[in-house]
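Chemist:
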DNA sequence: TACATAAAGAATAATCTTTATCTATTAAGT
DNA sequence: ACTTAATAGATAAAGATTATTCTTTATGTA
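Residue numbers (our numbering), protein chains in the order written: chain A, 40 to 172; chain S, 40 to 172.
1. Could you tell me whether the Cβ of residue 168 (chain A) comes closer than 9 Å to any Cβ of chain S?
2. When you compare the CB positions of residue 145 (chain A) and residue 145 (chain S), do they come within less than 9 Å of one another, or not?
3. So for residue 167 (chain A), helix, strand or coil by DSSP?
4. Here's the rule I'm using: 16 or more other beta-carbon atoms within 10 Å means buried, otherwise exposed. How should residue 58 (chain A) be labelled?
5. State yes or no: is the beta carbon of residue 101 (chain A) nearer than 9 Å to at least one beta carbon in chain S?
6. If we define contact as Cβ-Cβ less than 9 Å, is residue 135 (chain A) a contact residue for chain S?
7. Just to make sure I have the definition right: I need the residues of chain A whose C-beta is within less than 7 Å of the C-beta of residue 143 (chain S). Which are they?
8. Taking C-alpha atoms, which residue in A:109, A:118 and A:77 lies nearest to residue 116 (chain S)?
9. Does residue 159 (chain S) come out as helix, strand or coil in the three-state DSSP assignment?
10. Going by the beta-carbon positions, is the gap between residue 104 (chain A) and residue 62 (chain A) smaller than 9 Å?
11. Let's see if you can read the secondary structure: which residues bound the beta strand (DSSP E) around residue 119 (chain A)?
12. If you measure between the beta carbons of residue 142 (chain A) and residue 125 (chain A), is that distance less than 9 Å?
13. Assuming the contact rule is C-beta atoms closer than 8 Å, residue 129 (chain A) and residue 167 (chain A) should be a hit. Round their C-beta distance to whole Å, please.
14. To the nearest angstrom, how far is it from the Cα of residue 158 (chain A) to the Cα of residue 55 (chain S)?
15. Under a Cβ-count criterion, where at least 16 other Cβ atoms within 10 Å of its own Cβ denotes burial, should residue 140 (chain A) be classed as buried or exposed?
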C-alpha cells in the first residue's frame with residue numbers, strides 16, 4: 040500500500056490509517072459508494088464504524104480531496120479529485136468510466152447566450168458499455 | 040387551474056385531485072424538490088400525507104411523466120418530462136433553468152471513441168446567473 | 001523520545017428521509 | 001347508480017445520515 044500521508048496533510052486532514060485506506064480504496068477502485076467503501080473498509084478494520092466513513096467522506100468533500108458524482112437511477116459515488124472530466128455510466132453492468140471531453144468552447148457559447156457565469160460542469164453519459172452491447 | 044386528467048391517464052395514472060395538483064405545481068414552478076412540493080401541496084390539501092407525495096413521485100417517475108434532476112451540492116428536483124435538455128444551476132440563488140444544447144455530434148464522437156452506446160445525457164452547468172454576478 | 005493537546009475513532013443514540021402497511025375513500029368503467 | 005381496483009391518509013417501519021460521548025491517537029513541541 041502506498042502512503043498518502045502527505046496528500047491528506049496537504050488537505051489539512053490528519054493522516055489516520057482509516058483515511059489512508061479510504062484514499063487507497065478510491066485510487067484502486069476509481070468510484071465508490073458509501074456502502075461499497077464501508078464493506079471494503081470492514082475488511083481492513085473489522086471494528087470500523089459506519090459513522091467514520093460518513094464523517095471522513097464529508098470532511099474530504101469539504102476539503103476537496105474527493106468529489107461526489109451523482110448518477111441517474113443510482114446512488115452517488117465518490118472519486119479522488121482530479122482534473123475536470125465527464126462520466127460514462129453503463130446502465131447494464133453499472134460500470135463507471137472517466138472520459139476527458141473538452142467542453143470549453145461549448146460552455147463559453149452557452150455562457151454568452153444565457154448570461155450565466157459557468158464555472159463547473161457535471162456531465163454523465165449513460166448507455167451500454169463495450170461489454171454490454 | 041388547467042385540467043391534466045388526460046395527461047395523467049395517458050401515463051396510466053388515475054387522475055386524482057392530488058396528482059393533478061402535483062402536475063400543476065411542476066408546470067408552474069419548473070423544478071421542485073420533494074419538500075417544496077409537499078409544502079405547496081399542503082396549502083391545497085391540508086391533510087395530505089407526505090407518503091402520498093413520495094408514492095406519486097415514484098409512480099410518475101416509473102411512468103416517465105416526470106424526470107429526476109440530480110444536482111451537485113443540492114437535493115434532487117423533479118420536472119415534467121420534456122424533450123432532452125440540459126440544466127443551468129445558479130450556485131448563489133439556487134435557480135434552475137432549462138437550456139437546449141445540441142449534444143448530438145459530441146455524443147456521437149464520444150460514442151465512437153469509447154465504444155459506449157450512449158442513449159442519454161445528464162448535463163448540469165453550475166455558476167452564477169445573470170442576477171447573481 | 002516523551003508530553004500535551006486537539007482531533008479522530010468506535011459505539012450508539014438521534015434525526016432525517018423514504019418506504020411499507022392498513023383501512024377508508026374514490027376514480028373509472030359498466 | 002354499482003362494482004372494483006386503485007389511491008389517500010395515518011402511521012409504523014426501514015434505511016440513510018448525523019450527533020454525542022468517551023476513549024484513543026496523530027502531531028507539534030520541548
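We treat Cβ as the ideally placed atom computed from N, Cα and C, and that holds for glycine.
Please read all numbers here as calculations on a predicted model, not as lab measurements.
Modeler: On the basis of the coordinates in this document:
1. Locating residue 168 (chain A) in the first chain gives position 129, counting from the first residue. Yes, its Cβ sits closer than 9 Å to a Cβ of chain S.
2. On the first chain, position 106 is the one that residue 145 (chain A) refers to. On the second chain, position 106 is the one that residue 145 (chain S) refers to. Contact flag set, yes.
3. As a first step, residue 167 (chain A) is located in the first chain; it is residue number 128 there, counting from the start. Strand.
4. Locating residue 58 (chain A) in the first chain gives position 19, counting from the first residue. With 16 or more Cβ atoms within 10 Å of its Cβ, residue 58 (chain A) is classed as buried.
5. Here residue 101 (chain A) refers to the residue found at position 62 of the first chain. No, because no Cβ of chain S sits closer than 9 Å to the Cβ of residue 101 (chain A).
6. Looking up residue 135 (chain A) in the first chain gives position 96. No, no contact with chain S.
7. Along the second chain, one-based indexing puts residue 143 (chain S) at 104. Per Cβ cutoff of 7 Å: no residues; residue 143 (chain S) is ~12 Å from chain A at best.
8. Translated into positions along the second chain, residue 116 (chain S) becomes position 77. Distances from the alpha-carbon of residue 116 (chain S) to those of A:109, A:118 and A:77 put A:109 closest.
9. Locating residue 159 (chain S) in the second chain gives position 120, where the first residue counts as 1. In this structure, residue 159 (chain S) counts as strand in the three-state DSSP scheme.
10. For the purposes of this step, residue 104 (chain A) is taken as residue 65 along the first chain, with counting starting at 1. For the purposes of this step, residue 62 (chain A) is taken as residue 23 along the first chain, with counting starting at 1. Yes, Cβ-Cβ distance for residue 104 (chain A) and residue 62 (chain A) is below 9 Å.
11. Within the first chain, the letter at position 80 stands for residue 119 (chain A). Per DSSP, residue 119 (chain A) belongs to the beta strand (DSSP E) from 116–119.
12. Translated into the one-based positions of the first chain, residue 142 (chain A) becomes position 103. Translated into the one-based positions of the first chain, residue 125 (chain A) becomes position 86. Against a cut-off of 9 Å, the Cβ pair of residue 125 (chain A) and residue 142 (chain A) comes out as a contact.
13. Locating residue 129 (chain A) in the first chain gives position 90, counting from the first residue. Locating residue 167 (chain A) in the first chain gives position 128, counting from the first residue. At roughly 6 Å, the Cβ-Cβ gap stays under 8 Å, so residue 129 (chain A) and residue 167 (chain A) are in contact.
14. Reading the first chain from its first residue, position 119 is the one you call residue 158 (chain A). Reading the second chain from its first residue, position 16 is the one you call residue 55 (chain S). The straight-line gap from Cα to Cα measures roughly 43 Å.
15. Within the first chain, numbered from 1, the residue matching residue 140 (chain A) stands at position 101. Buried, by the Cβ-count rule.
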